[in-house]
Structures are given as structure tokens and as C-alpha cells.
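For reference, the structure discussed in these notes is given below.
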Amino acid sequence: MSSTATDEDIVDRWIEIDDSINVPEQTLDEILTDKILDLDEEILSGLDDEESLLTSPRQSTSTISSVFSYTLDSPLHIRELESITYQLKMQNDRNFGGHARALAVSNVNIAVGTSRGLVLIFDCENQRFVHSITADGCPVSCLDFNKTSTLLAIGYCSGLIRTFSVATGKVIDDVSDVVQPGQGVLQVLFCASDRRLACLDSGGSVYEMILPTTVRSRKTRCVFSGCHGEVVYLKMLDNDGILALLSLKKLFLVSLKKMCLIYATSFSGPANRPPLIDCQTINIKEKSQKKTTAFCVGRGSTVEFCYLTYEFSNLRVIRYRVLSLDFEMINLKWVEPYYLIVVDASEMIHLIDTVQGDTAVANIHDMQLAYATADFKGLFTGGNVSAALDYLADCVCYQCICRVDSLVFLLGQSSIYIISVSDQITQLDSLIDRGQMVSAILFALDIVMGRVTNKTKGLNLRHVVYSRIPSLIQALLALTISGLANGKVTQLVEHYKKHIQLLILTCITTSQFDLLYNTVYNCLEKDILSKTIFFELIDEVVLDGRLHDPPPGLVSDYFHHLISEGNLNQFEAAIVRIPVEKQDIHFVLTTCRKNRLYDGVIYVYNKAMSDYIGPLEEIFDHLAELVDCEVLSDCEIALGNKLLLYIQCCLSGRAYPFGSLPERVVTTLPLQVYRCLISYKGKNGISASVIYPYLRLLIKFDSVQFFNVIFTCSDSDIFNSEDGRLQRITEVIYQIINSMDRSAVLFINYFTLVAHLLQKKVILPALDTISELIEMVLSFGESIERFADAERCVVEVMRTVSGLDEVKILLQAKKLPHLQVCSHIYINRREFVSLVECYLKLQSDELSKLRSFLWISLERFAKIDYSQTAEIILDHFTEWLSKETLKDIDALLLYYYCFLARRDRGYRTLTDFEERDEQLLVLAVKGVVAHNLFENLDTQLSEFLRFWVKIASRTDRCLNYTVQHGLILSSVLLLEARKLLEGAFEVLDNELEKVWMKNAMLSSKYIYESIRLANIYREEARQGNWLFKILDRILSLPGSELQEESGMMVVLNDIIATIMGNGSSDAEYLVDALFNHPVFRCSTYAKFRSLIAFMFASCRYEDVLLKETVRCIERETVQMLNDLIKQATGRTAGLITSNMCINCGRSPRKSSYLYSCGHMVHMECDSQNSSHYCLCRTNAFSCYNITNNLSCMPRQVIRKPMRVNIFSEEFLRLMLGPNRLES
């Protein structure tokens, strides 16, 4: 089917329209809101699976950047050798020859050995039967041809080895004593010469046999004994110079020239899978022409690749790759440098790419491979094999698979097959023969572009395939224009788009432009539908600039197509990317001016007429009509932006919109554009009614972008000359904006430009102008756009320009205030108080932001100064301690300084919450330990914790941390605070044991800490024998350490003093311990006189007795005083005349003096009375004559007889205490 047809064809071959077409009913709104149908998406569903073409849906216009894919045929080709297979079946069916068991292949012949001892030899080229060799019925186990295919070595399960001449058809040697008796032959292998054989028996031993000649008898010797590891396979490497012995666990390389072992390595794998080896000659480095012998060793699912290299005549084996498979192998052949053929345990044959892995699979189960199970089990020799060989036997098929060059032969029990791997040329031809042109071209493109590795030997694949590209394009073009036999229009569109897209891609990628323009397009333009699709698909090529040197006719047709489709954006983009000499200039300019496509106008003027100012003035004239409008459309804004970009390119000496300018234009164009911009009256100097019309127009349109253009071009050569052009244009701009409405945003934008130019030092500062600008900018409020940028620019100008009036600027900045400006000035003056006051004048929301910033920045402040940050927290952010918990270990030290500052202020808490205080204290301790803040960390930390011991000992958290980090003194302090006294001494004792005789300073420190605890907790120390444990440790020292003047004697004296100070109950034990020591027991009194005197001096039993006596007296005196006070309230009391202080008149609840006159006085009230006389001048009690003081003198109370009314109100009053005497 084609869209070009005669009148007669219209009915038969054109679109088939019938009543089955169903057009969905839609309202107008649904049609308008519905998406436009993208035919590309429709194409995707109609692709042929055969060609495997896959295109990605496009978003707008048609492109050729679709993603293609294709499927190649399997490179594995398995072919049965029917003639040989027929003869093998015939021998098997007659029950004479038996089934096939062993195979040998050379370039000339194929040999097959059977289970009945029959050997059949065929011609390799025509499969013709050549010879047969019979035996006594013993099965053939292995075969091998020599390199010239003139000799055939035959090994039998009975141990017999026979050599047969293929040329003469005679047996030239027959020997049965090469291997050990009772062992079968597993493999025979011709070595370097035709007379040298390597033989492998079922015991794993390897023998060398040299065939007899007319002048030399047969020689046989053992090369490798199976007792060192059973060999299961032999392989010749490196041009038959090295023999590889493959055992169950190791690989041995033997030099046949020197007949010595030159390399050995071990490998691993499953025990029931045979080890495998094959070799190949490859290039290790792709660019190198030197061939290297490489081999692969595999077992199970792993294949290792190695190559041989010689350094100073020494062989080195280098492993360069390891390949892991998803299955377990039973045989492999390295057919080509890039390919392995592998047979797995389920009789599936795999083609393995050495880089990519598994690429093709085929099932060979029906071949019925001939396994060597009986040979490896030793069934014909009485089972005289090892358990390892017996376990391996079910998967061994060494002798049924042979490789000759890149061909692999497989032997079934009554058949033989050949396996080959097709190269890329063969695969390409296969696709072409089947008519799959899309897949063929895609595959050819991948080869030409280097995306497919050349795996063809001795062939420049890319060059060969590139030479076939034109014919492939011709074939695809013929397929394209042939159309479809029948169908609908959408199917024809799909057909065209699929094939035309690939035609364009192929021609562009392979640079077949002549073929594209003169052949492809000439054929496609005959059909209006294919021509339209061609232009749609070529859009992306044009946008990428890859349409090289197109003919004018094609360009003209393409432009008219774009205009007819209304695709003005693509039309404008195509103009600037197609050479101007290929275009119809009149048509292009007319169309561009009509549709205001000024990119096209600029391109034609620049390239065709070398006119760069004409289009600039034309755009200026057009933009002048639009600039006074209140609202501009997107197209009008885009036009202004194009103008600015064009000006920037011209001032910088660059082509617009891309490319490069001629050298003569680069030197003159920037000056021409500059003069145009600053022209006083516009074009020709008389066309404008205002001065500097072009600059005024750009400022009105978009001052920000225009100023950006000037700043960007400030480094250009046009502004770097000594003519001061940049200075001139900035002054003219300032003159213009002064004459316009005084817009705050405009002045800020201009000031920003001036600030940046001053910072780059490309203009000279005018102090009056800059001061005026700064004053004007600072007078604007914060609501103005870019206000923050303006403040920053003021600061930058003040840093750059000297001579500005800072006082005036500061006064202006303080009015709003402008914080950045104020901050800059105050910091320069070092007036930080004024700076803070400036910030404190902010509104409440701004202060809140400042506080929030400081809140989240406290951790960063701490890294600057922990102490000052702690002061700030305690003064202004106390709640921060309760709400925030630091995670960074480096910042935890801040808590320590908070505790220090709080301690210095006299507080015993940090947050007034015990649990939170404890949590923060633990963090503070962690910070101190992490930073290793002190040289003597344990001592300093214990002093710190002593003040906060109430918080630190609240729970075990702080204690656990100090114990964990070995802070002994701190741990003892916390244990003491928690009343865990036994634990505290135990910690000291354990640490003392660790450092004893190693660190005298620490030992002394721990001993004195124990003494301190013993002095405080005497009873606990006595019960726990704390000091005696230390005493025993000291007494265990050698005698040289316990001399009179030694430091340890000082410690011993302190220990003895503490023991004696706690009472004389332990004195006996102390004396026994001392004088049982050899140093003391065998010494004279004079030697330890000072120690004994010190012990006696330490016995303070008199002091203890006096102290206890005074304590008893005090208790009794207090009791007597209480009794006297009670008696003083009785009616007969006479000792105490008043129970009130005679000085202050208050109750005696405090310590008081009692005078003999019966008066009492508080001690604090009598502090000024050194003689201790009562106010009534009576002496006080004597402390040394307590009995006399307390003796009560008899006192008579005279009562006058009188009559009283006992019921009167006065006498009904209860008379208690001393006041009754006065009445």
C-alpha cells in the first residue's frame, strides 16, 4: 500500500473505509481538553515482533532519538554428521561394534572407539569411512591423533596401548605393560613429537612412552605418581611445550623440554564434578599484536582464566579473570578468544561470553553423551580405583567432546555432532536473508559505532560492515516506499514513521548525506505523506546541528512545511542552524518580520550581509512601541530578553545565538554596538525626541537584566580600554534615572550595579554621586524589593570607597534602622554596646528571631569560648539547660563550665530540678573526660564533684561512668556519698594492688585516701581491717624499702598513727604485726627508736579518757539544769529566780550562763562581758566547783497572816513562777 496511486488503484488499494469505523461522540469541551493524539504511541503497538523495534513515545514533535532494540539469532549452531552417525548406528545395531565410547578428531580424520574394542576412522571432510581396527573385545577408553594426523593412539580399559598408522592402515606398536597391572588407560596424548606419548592410568599416575623405531627400542617411565594426587586429565599447552596435569585438587605444569615441574596451584570445587581445562592463544592487551598462551581452569560453577608469560626465561602464570556461572559444569572447550562452550550436569550446552557471561543455551539431552563412568569406576579392572574417582565417575565425559580450532565435536552413544559459533558477519547475513532489514541495520549501526566487540578473527569488522551500509539503506528504502498491501491510513503512517526514522538515523550516524539527500529524500518526496513524516522526523537532526550541507531545494521544502504546519519555533531554530547560503533569504526575512522572529532576522543580517547594527535598531524600534504598556505578553518579554542577550554577545565579541564571529568583526563590533547604545538621539542622531533613547528604553523594559548585562560585559575588551567607556555609560545611566520618576527599586538596582563595579575596581568612585546614592537608598523602607541587597551593597561600597562621611551614613541608617550598615560601622569603631542596643531596638518579632538564632547557635558559640557561653546561658537562656540536650561529644564541655559558673555564684543546683541536674552533670563529666581537660584528671574531677556530690550521688549513673573510665578518686567520693564504704575501700585496695611497686605516687595517693576514710569512719575501718590490709602490704616489702629515712617509713608512721588514734584495742595486733617482721624482729632498739617513740606518742588514751569524762559531765549538767528549770516553776523553788534572759528578756532556748544569784543570760548576750558578772554584779558559776555552784542555800519565805477573799478575781488568778514573790 502506498499513498501514491493511479485512479484505478484508488478503489482496490487505497484506504478501506467501512461501517465498522466507530467515531466516539464527544462534546466541544471534551475535545478541547483532550490531549492531541500522538501517532508515535500508536506505532508502538503495531511493530513486528520479528524485527523487535522499540521506540519511546515522544512528548511533542517527532524525533529520531528513539531507542531501538533487536534480537539476534543464537550464535550456537549444532549439526549432526549424518553419514558417520548412520554408520555408528549400523555397527551398534548389528551387536558387533558396540556403542561409541571415545572420540578423537584432527583436521583430517575423525576416530570413534566403541565398547567392543572397535575403532572406526572417517574422513573429516566428506565423512567417508577410511579404516577400522578391531581388538579382543576390550572397550576402547581413549583416542588421540598426532599433529599431522598420521598416527592414532588407542587406549583400552585393560591397560593396552596401541599405535595405529592411518596412512598404511597397520598397527605399528602394541604394548600392555606401560601402566601398572590391574589399571586401565584413561587417556593417551601425543606430546611434542609424533613418537612421544603421555599416558594416564586409572590409578592417577602419568607415564611417558617413546615409540620404538628401527634404531631405538621403546622407552617407558613414570612422570607423576598417583600417590601425590590422582591425575584425571592431561592437556598440552604453549605449542606443546608444556604438559598440564589436572588432578582432583591441583594443577601441575610440566616442562616437556626439561621434564620438570615448573608450576603448581590448587583449586576448589564440588567433589562430584570433574576438573576441566582448555587453552587458547589470545591478545591480553587489545592493541597489542603479540599472542599469548592462555588457559582456563574450571570446576563446579567457577572458571578461572590465566595466561603464561616469561620473565628472564622464568615462567609466570598470571590470573586475570574469574567467571562465576549459574550452573555446574561437566565439560568445557575454549573455542574462540571470547567464547567458551560449556556442558552442564543436565546436558544443556551453553555459549559463554568471557565478559558478558551466558549468551546462548541449547539442549543436547537427546544426543545421549558417551560418559566414561565405567572407566573411572574401574569396572573392567575389578574396581581398582580410589573412592574419589568412583564418586566422580558419573559426570566424566572427557573423551566424548573434542575441539579442533573453533569447532567442537560431541559423541553420543551412536551419533556424532559438530558445534560451531557464528560470527557477526554471519549473523548480519542471516538477518538480511530473512528480510529483517530493521534488525539488520540496527545491528550494523551498533557494529559501526563500536558498540559491538569485534569477535571475528583477522577481520576489520567495522570497515566491512560500513561498506555494506549503503546497500542496507537502499534495501530499507525499497521496503519503505513499497508501502503496505492493504490496510488503513494509520497503519501506513506507522509503516512510514518506523522506517523513515531508521533511514534518517542510519544516514546521519554513518555520514551518508549524499544518499540521504539524493536518494532517500528524492524517493520520499513523491508521496506527500512520507514527505511530511520525513520533515517531522528530521526536526531533531536540525536542532542538533547534524544536517550537514543540505541542498537548497530540501531546505526550501522544509521551511515551507514548517510554515504550513504553523511550527514557527522550529522554523526560527532551523534558520540559525542551516547555512545561510542554502536558504531563500527573501522568503526567510519576509516570514520572520511578519511573525516577529527576530532570531532569524539577526542571523540573516549577520551571516548574509555582515550587518550587526541593523537588526539591533529594528528591534529597538519595535520594542519602543511596547515598553509603555502596563502588561507585556510572554512573547514581548521574550523579545526584550533576546535583545539583551544579543547586546551582551555583541559587546563580548561573541556570535548570537551560538558559534563564533570572524576575526575582523570581533575587533569592530563591540565598539559599534556601544556607540549605538549611547547614541544621543537614536538612529542617525535625529530620530528620537528624548536623549539617550536606547538606554532609556532598556532601563524601562528591565533595568535589572540590563544592569546584569553591563556587569557581565565589564571584563570585555570594549570596557577595558583607557577611553573610560564603562565610566561613561554608568554616568549616563545615572543621568537618565535621575530624569525619570524617582523609583526606589530603580535606584537600588543602579546602586547595586555601581557597588559591584566598584568592588571589581573597573570604574572610578565619584564621592558626591555615591554619597547621594547611599543617602537615597537608606531612605527607602524595608518593604522595597531587594532592600537587603541594597544594605549589603552599601556596606561593600563603604569597604571599597574611602572618604565617605560615616557619621552622616550612620545617622541615616539608624532611623529605620539599617542593621547591616549599623553593624559595619559599629564593628569598625569597636562600639559593640551600641551594636547590641541597635539590635535591641528591633520589633518584638525581630527580637524573637534574634533570640531564636542565639538559641540554636549556643552550641557553635561554645566552640569559640566555653566559659563565656556558659555565662550567657546562665544570664539569658537558663531554660535552654532544661530543654536542650547536646549530642556532639565536643560540645559536652559546655555543661561543665555551666556548673563551674553556677558554683562560683554560690548555687547548689543548675536547673532546680534534681533529675535534670543529674543528667547534665553526667554529660559534663563525659565532656571533661572526652577532652582530657586536666593533666591530673582524676584529682581535679573529684574536687569538682565534691561540690556537686549531692547531685552526683543521687543515682548510680555518674558513679558507673567514673568507675568505667577508671577515675578512682571520683569513684571513691561517690561511693562514700552513697554510704557504700566497703565498696570505696575495695576500689582503693584493687587499684593499689595494680599500681603497687609500679607507681609510687599513685600508691601513696590511694593509701592516704584510705587513711582519710579510716579517720572519718573509724568503726567501719576497724571492722573491715582497712588499715591492716595496707599495713600487711607495706610489711611485705623488702627490707631495703623499710629503712629509717625511706618514704615508705613515713607512710608506715601515718598508718600506725591512724590505727593508734582509733583506740588501743588494736595495739596488740599492731605490735605483733610489726615485730614479727624480720626487719623489726632482728634489729636493735636504737635503729627503730623514732618509730617506737612515735607509737607511744600516738597512744592518746589520756586524751580519750578526758574527752569521755567531759562528755559525761556535760550530759549530767544539762540534765541537772533541766531539773532546776522544772523546779523553778514550783512554789518552793528558790535557786532560779527567773527563767528569762536578764539581758534580752527572752526564753533560754539558746546556750546560756546561770549565775549564783538565780539569773540567766544568753551567751551571745553576754559576749561583751569578759568577767562574766551578772547585771546584778553577782559572779557566775565556777566551772571548777560545780558542786558548790549547785548547792541551794536555805531560804525562808515570810508569809504575813491576813484575811483574803479567796473568791475575788485577784486571788482566783493562778500564781506560778517567780512573780508570785512580788505579790
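In UniProt numbering, the protein residues as written are 1 to 1223.
We put the CB at the ideal spot given by N, CA and C, even for glycine.
Inset, instruction - Report buried or exposed for Ala-444, applying the criterion of at least 16 other Cβ atoms within 10 angstroms of its Cβ. - result: buried
Inset, instruction - Using three-state DSSP, classify Leu-626 as helix, strand or coil. - result: In the three-state reduction of the DSSP assignment, Leu-626 falls in the coil class, being assigned neither a helical nor a strand state.
Inset, instruction - Rank Ser-739, Ile-341, Leu-472 by C-alpha distance to the C-alpha of Ile-78 and give the top, closest one. - result: Ile-341
Inset, instruction - Please work out which residues of its chain come closer than 8 Å, Cβ to Cβ, to Leu-695, disregarding the five sequence neighbours upstream and downstream, and give them in chain order. - result: Leu-677, Ile-678, Ile-729, Val-732, Ile-733, Ile-736
Legend entry - Reduced DSSP category for Ala-1000 - H, G, I as helix; E, B as strand; rest coil: Helix, per DSSP.
Legend entry - CB of Ile-628 within 9 Å of CB of Lys-700, strictly: Residue 628 is actually Asp in this sequence, not Ile. Result yes, Cβ atoms of Asp-628 and Lys-700 sit closer than 9 Å.
Inset, instruction - Thinking Phe-295 and Leu-237 are a contact (beta carbons under 8 Å), I'd like their distance in whole angstroms, please. - result: At roughly 6 Å, the Cβ-Cβ gap stays under 8 Å, so Phe-295 and Leu-237 are in contact.
Inset, instruction - Inspect the beta-carbon positions of Ile-161 and Val-178 and report whether they are closer than 9 Å. - result: yes
Legend entry - Contact check, Thr-752 vs Phe-707, beta carbons under 9 Å: yes
Inset, instruction - For the segment 848-858 and the segment 815-835, state whether three or more C-beta atom pairs, one from each stretch, are separated by less than 8 Å. - result: no
Inset, instruction - Can you have a look at Arg-101 and say buried or exposed, based on whether 16 or more other CB atoms are within 10 angstroms of its CB? - result: buried
Inset, instruction - Leaving out five residues on either side along the sequence, give the residues of the same chain with a beta carbon under 6 Å from the beta carbon of Gln-940. - result: Cβ within range, chain order: Phe-934.
Legend entry - Pairwise C-alpha distance: Leu-554 and Ser-420: C-alpha separation (whole angstroms): 49 Å.
Legend entry - the segment 429-437 contacting the segment 358-369, beta-carbon criterion three pairs below 8 Å: Look at the beta carbons and you see the segment 429-437 not touching the segment 358-369: under three pairs across the two are nearer than 8 Å.
Inset, instruction - Let me know the secondary structure DSSP gives Phe-267 once reduced to three states. - result: coil
Legend entry - DSSP beta-bridge partners of Val-171: Phe-164
Legend entry - Contained alpha helix (DSSP H) runs [length at least 4] in the segment 465-535, N- to C-terminal order: 469-481, 489-509, 521-524
Legend entry - Straight-line gap, Val-1051 to Thr-869 (C-alpha atoms, nearest Å): 45 Å
Legend entry - Cys-199: first and last residue of the uninterrupted beta strand (DSSP E) it sits in: 196-201
Inset, instruction - Could you tell me whether the Cβ atoms of Ser-1010 and Trp-1026 are closer together than 9 Å? - result: Judged by beta-carbon spacing, Trp-1026 lies within the 9 Å limit of Ser-1010, meaning their Cβ atoms are closer than that value.
Inset, instruction - Would you tell me roughly how many angstroms separate the C-alpha atoms of Ala-393 and Arg-273, rounded to the nearest one? - result: Annotation: Ala-393 to Arg-273 spans about 9 Å, alpha carbon to alpha carbon.
Legend entry - Which of helix, strand or coil DSSP assigns to Trp-334: strand
Inset, instruction - Kindly list the residues whose CB is nearer than 7 Å to the CB of Gln-280, restricted to its own chain and excluding five residues on each side of it in sequence; keep chain order. - result: Same-chain partners within the cutoff: Ala-294, Trp-334, Pro-337.
Legend entry - For Ser-324: DSSP bridge partner residues: Thr-302
Inset, instruction - Determine the closest residue to Met-609 out of Asn-595, Leu-407, Leu-589, Cys-142, with distance taken between C-alpha atoms. - result: For the residues Asn-595, Leu-407, Leu-589, Cys-142, the minimum Cα distance to Met-609 belongs to Leu-589.
Legend entry - Per DSSP, cross-strand counterpart(s) of His-350: Val-342, Val-361
Inset, instruction - Please state whether DSSP places Glu-80 in a helix, a strand or coil. - result: If DSSP states are grouped into helix, strand and coil, Glu-80 belongs with the strands.
Inset, instruction - Could you spell out where the alpha helix (DSSP H) holding Lys-760 opens and where it closes? - result: 744-760
Inset, instruction - Can you grab the Cα-Cα spacing for the pair Ser-530 / Tyr-496, in whole Å? - result: 6 Å
Legend entry - Buried versus exposed, by CB contacts within 10 Å (16 or more), His-1159: Looking at its Cβ environment, which holds 16 or more other Cβ atoms inside 10 Å, His-1159 is buried.
Legend entry - Beta-carbon contacts of Leu-923 that lie in its chain and below 8 Å, excluding the five residues immediately before and after: Same-chain partners within the cutoff: Thr-885, Leu-886, Leu-892, Tyr-895.
Inset, instruction - Confirm, please, whether the CB-CB distance from Ile-508 to Leu-516 is below 9 Å. - result: yes
Inset, instruction - Just tell me which of Asp-174, Ser-106, Thr-220, His-548 has its CA closest to the CA of Ala-135. - result: Asp-174
Inset, instruction - Check the Cβ-Cβ distances between Gly-450 and every residue of chain B, and say whether any is below 9 Å. - result: In the structure shown, chain B cannot be found, because there is only a single protein chain.
Inset, instruction - Give the secondary structure of Thr-456 by DSSP, where H, G and I count as helix, E and B as strand, and everything else as coil. - result: coil
Inset, instruction - Can you give me the start and stop residues for the alpha helix (DSSP H) that Ser-970 sits inside? - result: In the DSSP annotation of this structure, the continuous segment of the alpha helix (DSSP H) that includes Ser-970 starts and ends at 968-977.
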